[in-house]
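Note that the numbering used here has the sequence shown beginning at 43, numbered continuously upward. Each residue gets a CB set at the ideal place from its N, CA and C atoms; glycine is no exception. Here is the structure we will look at, set down as structure tokens.
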Amino acid sequence: MRELVCIVCPKGCRLRVDEENDFAVTGNSCPRGAQYGREECTNPTRVVTSTVAVSGGVHPRCPVKTNAPIPKSKMFDVMAALDGLVIPAPVALGQVIVPDVCGTGVDIVATRSV
């Protein structure tokens, strides 16, 4: 039995996931909590947020994020791909900075115009 706190909504339900019984979830107050509990135990994913350096811009760094969740196991690979990256200004909000980062099928996008 694995215990988790659901992060899908502000309620923070305390979930219990029975890994031996087909990942049955209890403690959730909505169906999204049950889905989160199963996914967290079988294939955890996260949205990665970071910053990259900008050359010639008003600000020295631009905030970025993945445009969809990636497998948790790929987080350090994605961060390594962003390390040392320098992008030229101007940068538009939503601009793709790194397409298909680390073969995940997910893009790194700018979350601010610079």
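Hey, would you say Thr-93 sits closer than 8 angstroms to Arg-103, going by beta carbons? Against a cut-off of 8 angstroms, the Cβ pair of Arg-103 and Thr-93 comes out as a contact.
Range of the contiguous alpha helix (DSSP H) that encloses Arg-154: Run containing Arg-154: none; DSSP gives neither H nor E here.
Quick check on this structure: which residue in Met-43, Cys-48, Ala-131 has the alpha carbon closest to the alpha carbon of Pro-86? Cys-48
So which of Ala-131, Glu-61, Leu-46 has the shortest CA-CA distance to Gly-54? Leu-46
What span of residues does the alpha helix (DSSP H) with Val-120 cover, start to end? 117-124
Just to confirm my understanding: we take Asp-60, look at its own chain, exclude 5 residues before and 5 after, and list those with CB closer than 6 angstroms. What are they? Within the same chain, Asp-60 has close Cβ partners Met-43, Ala-66.
Taking only the alpha-carbon atoms, compute the straight-line gap between Cys-51 and Pro-73 and give it to the nearest angstrom. 11 angstroms
Can you check DSSP and say which residues form a bridge with Val-128? Ala-95
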